[in-house]
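Structure record follows, encoded as structure tokens.
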Amino acid sequence: MKVLGIETSCDETAAAVVADGTKILSSVVSSQIEVHRPYGGVVPELASRKHLEAIVPVVDEAISRSGVALKQIDAIAVTRGPGLIGALLIGFSFAKAYAFALDLPLTGVNHLAGHIHSVFLEPDPPPFPFVALLASGGHTNVYHVISHTELELMGQTRDDAAGEAFDKVAKMLGLGYPGGGVIDRLSKEGDPDKIIFPRAYLDKSGFDFSFSGLKTSVNRYIQTHEDEYQNQIPDIVAGFREAVVDVLSYKIINAAIKKGCRHIAIVGGVAANKRLREKVRQDAEEKKIKVHIPCFHLCGDNAAMIAAAGYHYLTNGGVSDMNTDVYSRVL
Ligand code: KG4
Ligand code: ZN
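Here the sequence shown stands for residues 379 to 709, numbered as in the numbering used here.
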């Protein structure tokens, strides 16, 4: 089954064609980062306008690159939420119209389930059940993944998402937006043990997170070292990154142990973090747990993961009708 996936929940207009939920035939991502960069974050109204401009060329390109004729597409999967309402509506309305015009089944996909499905686009995906850490700009969630359509939420952040903490710390240090990639690169030049920031494990046996205290702690360091912090930026970001990574790795390994799972998936934009990828692999090896992390371009928002999740919704009878609507927060 060839599914056309469409994703417009935040600041990426994306379309992809995926066969049987596993094989990417094409994946096109048009990023709006340059539009939002001057504002230091995503401006919802600008995001909607940019999606409107990009949606038709991005879908056309995904279809033409896939080598699949339009009439060979079997279904359409589109992100339904969570995300920015105006942004979601562009992709969702487009997908409804396209499905109606082509007389194709349509399914609305949860963006978070989409991220989890990014690991099924890689060779050797995890067997069920497994645990997954979804760390992005909007979410830090731990799931027990029971099947393609059953996710049990084990824990989540109580305040900032991990990616949001990277973005806010980068902003404090004048490193620009988004912050994850630049902090990751600069950390290589710093010493993570020079400035130790607090790790918020909360209840050590639980799976909730908190990153706002860590962010405040970095801010306090900057304020109390006003004259010298500019020369210590690599050490500050390396210390900050290590504090985030320690907690993320600890919690996901413990989640696997608690559920008796031998497989872990790390997904979402923060899964691109080099130190996180390394640390989880090291910690998991000791416990004989296998780690699945998608390649870099499948960590951030893309439509191939939406098509992959959509394939399983469709094969389980999850067809949306023309009255289905988008949602901004998890239903
Ligand atoms: O999944 P994603 O592309 O969009 C959302 O659904 O939010 O995640 C974007 C987030 C941003 O906060 C960005 O700073 C973070 O992922 N990110 C990273 C890295 N690359 C992107 N965080 C840490 N290290 C990275 N290398
Ligand atoms: Zn995302």
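In this text, a Cβ means the ideal position worked out from N, Cα and C, and glycines have one as well.
Candidates the options: closest to residue i by CA position
i	options	result
Y705	A447, N488, E620 and A475	N488
G559	D571, K546 and I642	K546
E431	A397, E390, V420 and L403	E390
G418	H641, G617, A685 and P556	P556
V437	S405, S565, V596 and A687	S405
D571	D624, F498 and D398	D624
L676	K637, I411, R536 and H493	H493
N597	V395, L580, I573 and Y579	I573
N680	I614, S514 and P422	S514
D699	A473, G552, G541 and H522	A473
D538	E606, T594 and C673	T594
V622	K637, A649 and S442	A649
I402	I631, L499, A455 and H690	L499
V615	P460, K428, Q660 and Y599	Y599
P501	A453, R415 and G399	G399
L553	G461, P422 and Q608	Q608
F674	Q660, G696, H641 and G646	G646
L529	F544, T535, H495 and D452	H495
A685	D452, H429, E439 and Q410	D452
D569	G461, G617, I631 and G695	G617
Per-residue DSSP class, three states only, for residue i
i	result
H362	Because residue 362 is not part of the residues shown, which for the chain are 379 to 709, the question remains open.
E663	helix
H429	helix
Y705	coil
T602	helix
E656	helix
A475	helix
F508	strand
G533	strand
T518	strand
R577	coil
N488	strand
R640	coil
H561	Looking at the sequence itself, residue 561 is Ile, so the reference to His does not match. I561: helix per DSSP, three-state reduction.
T527	coil
K546	helix
E423	helix
I451	coil
F589	coil
V697	coil
E390	strand
Exposure label - residue i; buried when at least 16 CB within 10 Å
i	result
E385	buried
Q601	exposed
R563	exposed
I518	Going by the sequence as given, residue 518 is Thr instead of Ile. Under this definition T518 is a buried residue.
A475	exposed
S525	exposed
V434	exposed
R415	exposed
I635	exposed
E542	buried
R458	buried
F587	buried
Nearest-angstrom Cβ-Cβ length linking residue i and residue j, presumed shorter than 8 Å
i	j	result
F585	M532	5 Å
A465	S387	6 Å
L654	L626	6 Å
V509	K637	6 Å
P672	V497	6 Å
P483	V697	5 Å
V395	V456	That belief does not hold up - the Cβ atoms of V395 and V456 are roughly 13 Å apart, past 8 Å.
P507	C639	6 Å
F589	A633	Not confirmed; about 18 Å, so no contact.
N701	T527	That pair is no contact at about 21 Å.
Pairwise C-alpha distance: residue j and residue i
i	j	result
K566	R619	10 Å
F575	A479	55 Å
K449	N651	39 Å
V669	R577	23 Å
M379	T485	14 Å
P504	S408	29 Å
I441	E412	25 Å
V420	L490	19 Å
A392	S471	15 Å
V658	A687	25 Å
V381	Y691	11 Å
A425	E664	44 Å
P422	E606	37 Å
H522	G516	19 Å
I667	L511	14 Å
K629	I644	12 Å
K428	A548	25 Å
D703	H641	34 Å
E439	I631	40 Å
Any chain B beta carbon closer than 8 Å to residue i
i	result
V658	No chain B is present in this structure, which holds just one protein chain.
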